[in-house]
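Residue 41 is where the sequence shown starts when you use the working numbering, and the numbers rise one by one after that. Here is the structure we will look at, set down as structure tokens.
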Amino acid sequence: MPIARDDSQVKTSLADSTGFLFQRDRIVVLGRTQAGKTVYIARLYGELYSHSQSWLSMRARSGLAHTTFMKMCADMANGRWPDPTGDQKFIDCDLSFNGNLYRLTMLDYSGEDFTRAFVGGDINSENTRALLDHLDHACGVILLIDPQNAVDSRDPTKQADDDWGMTQAVKRIREFPGGESVPIAIVLTKCDIHKGMILALGGLKKFRDDYLLWITRTAVRYYRTFECSAVRVTHQGRTSGGSPDLTKPPLNVVEPLKWILEQLESARVRDRNAAEQERREQLITRTLAHAREAIRTEPTDASFELATKLIRQLPRDCKNDSRVRDAYDEIRAAAVEQGVRADGRNTKLWLLVIAGVLVAISIVMIIVYLVQNPSVPSR
Ligand SMILES: Nc1nc2c(ncn2[C@@H]2O[C@H](COP(=O)(O)OP(=O)(O)OP(=O)(O)O)[C@@H](O)[C@H]2O)c(=O)[nH]1
Ligand SMILES: [Mg+2]
């Protein structure tokens with residue numbers, strides 16, 4: 041199930057080594073068969089639509105998609121789990137987060153496709169191609185893992201899906217262009233019934249270190265683990281798997297998505313700051329080169345004036361840079377040495393004029409004094 045946003049704030053256009061341009065514009069939910077994908081997606085939609093908040097809400101773009109989700113939620117409210125997913129379904133939604141509008145494309149698919157793509161290495165069938173294509177365009181990924189599968193050694197194929205298969209998926213994300221910092225939320229599902237088991241195994245961190253080591257090692261950074269319960273089950277049904285009970289609140293259904301969106305927004309701020317820093321660097325480098333070149337090729341009054349003017353016109357944040365201050369002092373010192381003021385007027389000439397004026401004033405004052413005091417005896 042990928043979730044995509046269509047505003048350019050999260051989209052990252054990247055060219056791979058062949059120059060092919062693609063965008064990372066969606067959040068993908070991955071999970072083996074029966075991991076809880078459909079339940080998670082439906083509950084996520086139900087939460088963000090029915091309990092929408094001013095900072096986070098979701099709305100399907102078509103009435104049909106909306107009805108599909110709401111029907112699944114209604115079925116669960118009536119104690120019925122969704123059927124295993126057969127065909128792949130794309131559902132477009134609008135997601136609003138902190139005032140920004142995102143487009144989310146959710147893909148619900150059969151967990152068999154996951155096994156075929158990441159364990160079987162089948163990259164050619166239509167369904168696995170669609171799944172891989174979505175993963176390659178992901179700007180955020182939610183991995184749904186039923187923790188029981190990691191511990192239960194009776195069926196090694198389940199373990200292989202969640203261990204080998206998930207690791208392959210993470211490897212693919214990280215190795216694709218722009219995938220190094222894609223946030224990956226590792227979501228342990230059905231924790232309403234598995235919480236006790238995780239605690240008995242030493243808690244979430246110990247569980248992650250013992251059972252998800254390959255995944256986290258491959259993800260390296262930008263990942264976070266969540267214990268989630270999309271739906272809780274009725275008490276009487278616990279031993280037999282249980283029926284869904286939607287009167288109880290979910291646990292960590294929205295949080296993984298929120299964490300991913302926060303990571304994307306921080307990355308956007310980081311990118312913006314880096315771009316701003318780059319722009320400042322270029323402006324400083326170009327301005328100082330122009331200023332120095334101006335006084336080097338033609339050390340006239342006008343060129344010194346131009347050089348200092350160029351520096352004075354820089355924005356304040358550039359002017360505070362020590363390289364700019366040093367260059368300004370350097371140009372002014374060179375101007376003094378050349379006998380011109382950096383503002384273009386001849387220093388020596390002005391000094392002569394001032395001295396002349398002072399001498400003239402002194403002479404006038406002496407004459408006035410002598411005229412007013414004629415009684416001073418002369419020899
Ligand atoms: N206790 C509990 N059981 C859950 C939860 N989510 C899913 N389940 C159980 O897991 C089963 C499979 O959930 P689905 O969401 O259909 O799984 P899926 O990954 O979509 O499966 P496929 O479509 O077959 O790939 C459900 O029928 C429930 O029995 C949960 O939050 N808590
Ligand atoms: Mg399903």
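For every residue, glycine included, the Cβ atom is placed at its ideal position computed from N, Cα and C.
Cβ-based neighbour list, residue i, same chain, cut-off 6 Å, excluding 5 preceding and 5 following
i, result
"Leu135", "Met98, Tyr142 and Leu144"
"Met112", "Ala82 and Pro122"
"Asp153", "Asn167, Thr168 and Leu171"
"Gly282", "Val273 and Thr274"
"Gln208", "Phe158"
"Lys129", "Asp148"
"Lys198", "Asn189"
"Leu241", "Phe247"
"Thr108", "none"
Residues of its chain near residue i, where Cβ-Cβ distance is below 7 Å and the 5 sequence neighbours each way are ignored
i, result
"Gly384", "Legend: pLDDT at Gly384 = 49, less than 50; position of this residue unreliable, value from coordinates given subsequently. So the list reads Asp341, Ala342, Phe344 and Glu345, once near-sequence residues are dropped."
"Lys288", "Arg272"
"Ser48", "Residue placement at Ser48 is poorly supported in this model, since its pLDDT is 38, which falls under 50; the coordinates are not used for a value here."
"Trp204", "Val159"
"Thr256", "Arg248 and Tyr263"
"Asp361", "Ile324"
"Val404", "none"
"Gly236", "none"
Pair within 8 Å by beta-carbon distance, residue i and residue j
i, j, result
"Asp162", "Arg72", "no"
"Leu184", "Thr229", "yes"
"Tyr262", "Ile226", "no"
"Glu87", "Val260", "no"
"Lys77", "Gly151", "yes"
"Asn286", "Met116", "According to the sequence as given, residue 286 is Leu; it is not Asn. Result yes, Cβ atoms of Leu286 and Met116 sit closer than 8 Å."
"Ala178", "Arg66", "yes"
"Ile351", "Ala331", "yes"
"Arg363", "Ile335", "no"
"Val64", "Gly218", "Strictly speaking, residue 64 in this sequence is Arg, with Val absent from that position. Their beta carbons are under 8 Å apart, which means Arg64 touches Gly218 by this criterion."
"Pro187", "His234", "yes"
"Ala270", "Tyr80", "yes"
"Leu304", "Val181", "no"
"Ile131", "Leu175", "no"
"Lys246", "Leu96", "no"
"Thr258", "Val210", "yes"
"Ser221", "Ala307", "yes"
"Tyr251", "Val309", "no"
Contact set for residue i: own chain, Cβ-Cβ below 8 Å, skip 5 residues either direction
i, result
"Cys133", "Ile43, Tyr85, Met98, Arg99, Ala100, Arg101, Ala105, Arg143, Leu144, Thr145 and Met146"
"Gln378", "Pro339 and Phe344"
"Gly119", "Thr274, Ser283, Pro284 and Asp285"
"Cys358", "Arg320, Leu323, Ile324, Thr327 and Val364"
"Ile238", "Pro187, Leu228, Cys231, Leu244, Phe247 and Glu267"
"Ser402", "none"
"Gly139", "Trp95"
"Ala200", "Val159"
"Thr337", "Ser343"
According to DSSP, residues forming a beta bridge with residue i
i, result
"Ala100", "Cys133"
"Asp148", "Lys129"
"Leu291", "Ser269"
"Gln93", "Answer is none; Gln93 lacks a bridge partner."
"Arg264", "Ala225"
"Asp115", "Asp115 is not bridged to any residue."
"Ile185", "Leu228"
"Arg143", "Asp134"
"Pro284", "Val273"
Would you call the region 362-377 in contact with the region 342-351, where contact means no fewer than 3 C-beta pairs closer than 8 Å? yes
Which complete alpha helix (DSSP H) runs does the region 220-257 hold, if anything under 4 residues is left out? 231-240 and 244-251
Within the region 310-382, note down every full alpha helix (DSSP H) run reaching 4 residues or more, in order along the chain. 341-352, 356-359 and 362-378
Environment of ligand 4 in chain order, Cβ to heavy atom below 7 Å: No copy of ligand 4 occurs in the structure displayed; its ligands are ligand 1 and ligand 2 alone.
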